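Remarks on the structure that follows.
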Amino acid sequence: MPSLDTELPIVLRGTGWSAEVTIAPPVHEPGDQLGESRQVYFSLPGDKVHTHGRKVLATVAYTRGRTVKFSGEASARWDDWFVKIYQCQQADVDAMRDYLHRQAVALQEANAAVPGRTRIPIEPPWAVTPVQIVRGSGEEDRAGDVATRLGAPVDALVVAERPMRTLPLWFQDHPSNSGLYLLAVSPLLIRPPWDPWCPTPAIEHLNHFASMAAGLDKLHDLGWAHCDIRPDNVCVYLIPGAREFVLVDTDSGTPTGQPPPELPTPDFYLRRPRLADGLRYDPGELRAQDRFGFALVLLTALAGRDCMERLLRTDNGERPVDSAEAVAGILRQHWRESHWQELITVLAEPFGRTGEAGRSVEDTGPWAVGWLGRLRQAVPSGAETPAPRPPGWVDPDPYADDIALFRTALRQRPHSQFELQNEANRLLERQSQRVAARTAARYAGLVLLGFAAVLIVVLFDVTGWGM
């Protein structure tokens, strides 16, 4: 009889390698999405029955897998895997699976366009993390499927095996309904340590976006859009010496010729307000949203996360990010040296709504590689490039965890500038009290004052006070 803590074994096979992987029960860790589950509506493209598309409700949970046995070329080995578990209604599971497979095909073709591709497709660099879709029942082949395989050529056959014929109890309540579950398995990556605010442009990151730019252009050329590009959906590899940035959360992808009625992107990161009911995005708007998100990621890498978020907040009913001139003006206040002015001008271009720059982000042709190239050319000769931080870098500041909680709490929902300042005051008081409460009574006063001073500095960065 299976138990609640039984791991789920599967076998993944790719070009020149195979791996026996055990998938652990989701266990929630503080500050981590692992173990959490949420209900998500997916907008699926139209078909013969649902000509205008359909919405599928799925419960999504997150966990991890671990390689217990590997065979094949060592360069293809991945020890840790990220696993998304989708629970769908019986009427929706096949449509959902076909949709996720079509995404995986497009993503693999986008990765094939990345410069310097290796012989084994599972090896980085990638533009987007490769994903394999596995049925909860272990049945991976069905007639008529668009089939993909993790790290395999696009035209290769899916091969996935699951030795257990009975699913663990944590995986589902009713084993007879195992076909209701899908697994999306991908190599485990980590989020980059974005700086909150960069006193000079962090130009050391520019060379690490080449794969993402090439893949994004190829994805659009294939008639697909990612639809949810933002800093939270960018990761880095967990392998030494690898610095490239990679897109994740690829289940938001959609064909540009079959646009969804709404986008999965949070309102805070939308280029334009959501469309009214009954209206649909055209292909140019989907490409523009992807490129807007890509520009936000570059802005985060070069200027810092707090700077990027400040540009997205409304101030007197307007967002600075809706105007290339406003973005450039704020960056010039921050980077005052004259040799950064050309870089600022190019960095601000995608945020314009009018003129040639505003039109180019909707065009059918390639855009990301060219824009990234012009950013690199705009870097003044002789500019110093700091050494990049290694994956897993941790701030040595004794208050780093408290400050991270403070920043995270402020990002729970979008704020106008006025709302943000009120919320920041409230959180500042609460977080300072927590620091003092856990410190010995005789040091409480000194620590409270010291930590409050640190948070006030952070507060000025996050809200833009004093600028």
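In the numbering used here, each residue's number is its place in the sequence shown (first place is 1) plus 2. Where a beta carbon is used, it is the ideal one built from N, C-alpha and C, also for glycine. Predicted model, so just to flag it, every value in this text is computed and none were measured.
Who does residue i pair with in a DSSP beta bridge?
i, result
"V236", "L249"
"Y64", "K86"
"G74", "W19"
"F294", "The partner list for F294 (beta bridge, DSSP) is empty, contrary to what the question assumes."
"W226", "P257"
"R40", "V62"
"P11", "T24"
"Q134", "V187"
"L46", "R56"
"I192", "V238"
"T202", "Per DSSP, none; premise fails for T202."
"T69", "V23"
Which residue wins for smallest C-alpha separation from residue i, given the options the options?
i, options, result
"L224", "P201, P266, A297, R104", "R104"
"V299", "G118, L208, A106, R56", "L208"
"A21", "P189, D308, T65, Q110", "P189"
"R193", "D234, Y283, R56", "D234"
"P126", "L191, T69, D94, R99", "L191"
"A93", "P117, R56, I124", "R56"
"P132", "L14, I205, L59, G367", "L14"
"R99", "P11, A204, V23, Q134", "Q134"
"P262", "L301, R282, A115, V329", "R282"
"V250", "D284, F84, L46", "F84"
"V116", "I124, W128, L109, P123", "W128"
"R289", "V248, D317, E206, Q260", "Q260"
"C237", "Q335, H341, P195", "P195"
"E287", "D279, L272, Q335", "L272"
"F294", "A278, L314, D279, V70", "L314"
"S325", "A97, K71, R355", "R355"
"E206", "E351, R378, G18", "R378"
"V187", "R68, D96, A297", "R68"
"V130", "V348, T17, E111", "E111"
"V95", "V136, T24, F353, Q291", "V136"
If we count the other Cβ atoms within 10 Å of its Cβ and call it buried at 16 or more, is residue i buried or exposed?
i, result
"D183", "Just to set this straight, residue 183 is Tyr in the shown sequence, not Asp. Flag for Y183 reads buried."
"N113", "buried"
"T267", "buried"
"A370", "buried"
"R338", "exposed"
"G118", "exposed"
"T252", "buried"
"E141", "Any answer about E141 is weak, because its pLDDT of 47 lies below 50 and its placement is not dependable; what the coordinates show is given next. By the neighbour-count rule (16 or more Cβ atoms within 10 Å), E141 is not buried but exposed."
"P275", "exposed"
"G319", "exposed"
"V363", "buried"
"D219", "buried"
"H341", "exposed"
"L59", "exposed"
"V396", "Model confidence at V396 stands at a pLDDT of 45, short of 50, so the residue's coordinates are unreliable; what they give is reported in the following sentence. It is exposed - the Cβ of V396 has fewer than 16 other Cβ atoms within 10 Å."
"E327", "exposed"
"K365", "Position check: residue 365 holds Asp in this sequence, whereas Lys was assumed. With fewer than 16 Cβ atoms within 10 Å of its Cβ, D365 is classed as exposed."
"L10", "buried"
"G384", "exposed"
"V70", "exposed"
"G394", "Residue placement at G394 cannot be trusted, given a pLDDT of 44 that sits under 50; what the coordinates show is reported in the next sentence. Exposed."
"Y43", "exposed"
"Q41", "exposed"
>> Any contact between the region 210-230 and the region 253-263? By contact I mean 3 or more CB pairs, one from each, below 8 Å.
In response: yes
> Touch check for the region 61-76 and the region 238-248: three-plus C-beta pairs under 8 Å?
Replying inline: no
> So does the region 214-221 actually touch the region 364-384, counting three or more Cβ pairs closer than 8 Å?
Replying inline: Judged by Cβ distances under 8 Å, the region 214-221 makes contact with the region 364-384, as three or more pairs qualify.
>> If contact is defined by three or more beta carbon pairs under 8 Å, each pair taking one atom from either stretch, is the region 289-309 in contact with the region 197-205?
In response: yes
>> Across the region 58-68 and the region 76-95, are there enough close Cβ pairs to call them in contact, namely three or more that are closer than 8 Å?
In response: yes
>> Quick check on the DSSP output: what are the complete alpha helix (DSSP H) runs of length 4 or more inside the region 273-334, in order along the chain?
In response: 285-305, 307-314
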